[in-house]
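With my numbering applied, the sequence shown closes on residue 544, and no number is skipped along the way. In this text, a Cβ means the ideal position worked out from N, Cα and C, and glycines have one as well. Just so you know, these numbers come straight off a predicted model, no measurement behind them. In what follows, a structure is listed as structure tokens, so that the remarks can point back to it.
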Amino acid sequence: MSATWEMICGLEVHVQLATRSKLFCSCATDGFGASPNSRICPVCTGQPGVLPVLNDGATKLAVKAALALGCEIREESIFARKNYFYPDLPKAYQISQYEKPLAENGSLAVAVKDAPSKTVGLQRIHIEEDAGKLLHAIGSEDLDYSLVDFNRAGIPLVEIVSKPDIRSPHEAYAYLQALKEILQFAGVSHCDMEKGEMRVDANISMRRAGEPFGTRVEIKNLNSFKAVRDALDYEGRRQIAALEKGERIIQETRLWDADVQATAPMRTKEEAHDYRYFPDPDLPPLHAPRSLVEAMRRELPELPEARRRRFIEDYGLSVSIANVLTGSRELADYVDAVAEITNPATATPTAGNLIATVLLGFLSERSLDLSRVIGRVTPESLGKLTLLIADGRISKTMSKEILAEMLNSGRDPEEILKERGGGQVLDEAQLAQWVRAAIDQSPKAVADVKSGKERAIGAIVGAAMKLSQGKANPTILNKLIKEELAP
Ligand SMILES: [Zn+2]
């Protein structure tokens, strides 16, 4: 992107709250993949005469989200009707919040690779219901039709609206990752994008540095972080090209087509007044009293940023390993459980490395989820394996082999080690025999070492290691050889 142009981007993220029932009725929220219209009732299909009743659990989760994101929470917020016609919304309005949303003025720390972390401001968080889903069945030319599935209608969402603080497609990507992480840690949402539990609309304009904001374009319904990054990248270039030709940018809504990697106009952007928002007369104001807010604050677990800091300070993990190990709450909990076994803390960095590099490497190689593996490689057994390395009883190479075996069979590392002949030999008398034999076999290396070429010692260590069939402890071998050859 040209150096003189700057991207101005704000994101609106719809996140499904992890409740078991819908926002205003008792229908279940597990309708993904279920048969169409199997999770519906008169309320969520908008039949005349029904009344919505607010799901208390949704309010609690929304308050938690607002707290985790550092927002101010309004004690009394208002549900409003957002009016529009759409076939997947039979009421012809969506219950949302407009003038008085639940929460405002939060912030999120975003770490972009190789750049200092920056803070993206959050404008507001409000609660709203989801609409249904249209299934377009396009048959022959005279038989095009669409079907509607209301299983999603009335699913509780929070919409999290950022300030226009995002400056590049990579920042947008990092923002979404940080947001997903924090919401998952807080237990607010599963954020499963394949199930549509997190969807993104992006607002973007370009300006020359220092100039006022330009006309913004909205890109709607992006359902992966990659789609957001690619769409912003494309749209930024498109706008620059137009502006440099002296064209005006039209305020409009565009759609991202991943197949052709381009955005295309969908409709001119509606203004807020097109929706004729007004307070919903069927719903009383939403109360989030201080007592509720404080109760939710107490329920919040340690969030990713605090956890990363603790992993670095208490466990002695490197920044990059700590970042990997706080990638999900489940993984971070696993690390904490392993650390209980590997105390004193001296062995915990070894455990961290083992999990971040070897274990996660195996999982991605074999396309396994951590949750499916924890039963086999329990924190206890991984802790034991770590202690075997820390005590010098097995080499790192051997630990990999044992871990692979643990993944396959779920067996105990000590047991596997015993079967393999007991691991590394630490006994100095035994090691000294191999050292003397290796010295006899390597006259040239011995001469080199004696003439001051210290590196030649590697050849003698190698010979001794071969004699031991790979079981000798290399550190002790090294020490013994040096002693043997000392003048
Ligand atoms: Zn319902």
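- The alpha-carbon separation between glutamine 241 and tyrosine 391 amounts to approximately 15 Å.
- The C-alpha of alanine 284 is placed about 19 Å away from the C-alpha of aspartate 222.
- Contact between the segment 117-137 and the segment 151-161 is established, with three or more Cβ pairs separated by less than 8 Å.
- Classified as exposed, lysine 170 has fewer than 16 neighbouring CB atoms from the shown chains inside 10 Å of its CB.
- Secondary structure remark: continuous alpha helix (DSSP H) runs of at least 4 residues inside the segment 70-143, in chain order: 113-125.
- Annotation for valine 107 indicates a beta carbon at 6 Å or more from all heavy atoms of ligand 1.
- Less than 7 Å divides the Cβ of valine 492 from the Cβ of leucine 537.
- For asparagine 260, the pairing in a beta bridge is given by DSSP as Gly67, Glu275.
- Two segments are said to touch when three or more pairs of C-beta atoms, one from each, lie closer than 8 Å; by this definition the segment 255-268 touches the segment 58-76.
- Rounded to the nearest whole angstrom, the C-alpha separation of alanine 168 and threonine 383 is 14 Å.
- Residue side-chain check: valine 100 places its Cβ nearer than 6 Å to a non-hydrogen atom of ligand 1.
- A Cβ-Cβ contact shorter than 7 Å links leucine 279 with alanine 288.
- With a cutoff of 6 Å, cysteine 128 does not count as near ligand 1, since its C-beta is closer than that to no heavy atom of the ligand.
- Isoleucine 152 and histidine 183 have their C-alpha atoms spaced approximately 11 Å apart.
- Secondary structure at lysine 148: coil, using DSSP grouped into helix, strand and coil.
- Residue environment analysis places glutamine 481 among the buried positions, since at least 16 neighbouring C-beta atoms fall within 10 angstroms of its C-beta.
- A direct Cα-to-Cα measurement between serine 456 and arginine 295 gives close to 52 Å.
- Using a cutoff of 6 Å, the CB of cysteine 82 counts as near ligand 1, since one of the ligand's heavy atoms is closer than that.
- Leucine 214: member of the beta strand (DSSP E) spanning 213-219, first to last residue.
- Residue range 319-325 is occupied by the beta strand (DSSP E) that includes proline 322.
- Looking at the DSSP output, glutamine 154 shares a beta bridge with Phe136.
- Put simply, of Phe270, Ala259, Glu69, Arg468 the residue whose alpha carbon is nearest the alpha carbon of tyrosine 291 is Ala259.
- Just so you know, the alpha carbons of leucine 417 and lysine 453 end up roughly 16 Å apart.
- With respect to the 7 Å criterion, threonine 102 and proline 147 are classified as neighbours on the basis of their beta carbons.
- Straight-line measurement puts the Cα of alanine 413 at about 32 Å from the Cα of serine 219.
- Taken in chain order, the unbroken stretches of alpha helix (DSSP H) that lie wholly in the segment 325-361 and span 4 residues or more are 347-356.
- Each residue's CA atom was taken as its position, placing aspartate 314 and glutamine 308 some 19 Å apart.
- DSSP places valine 205 in no alpha helix (DSSP H) but in the uninterrupted beta strand (DSSP E) bounded by 201-206.
- Threonine 176: not part of any alpha helix (DSSP H); member of the beta strand (DSSP E) spanning 175-186, first to last residue.
- Assignment of isoleucine 306 by DSSP, reduced to helix, strand and coil, places it in the coil class.
- Glutamate 362 and cysteine 66 have their C-alpha atoms roughly 24 Å apart.
- Residue burial is scored here from C-beta neighbours: threonine 176 has fewer than 16 other C-beta atoms within 10 angstroms and is therefore classed as exposed.
- The continuous alpha helix (DSSP H) containing glycine 293 extends over residues 282-301.
- The continuous beta strand (DSSP E) containing leucine 165 extends over residues 160-167.
- Taking arginine 386 as reference, the option from Arg477, Ser246, Ile517, Gly467 with the minimal CA-CA separation is Ser246.
- Here threonine 407 is buried, its C-beta having at least 16 other C-beta atoms within 10 Å.
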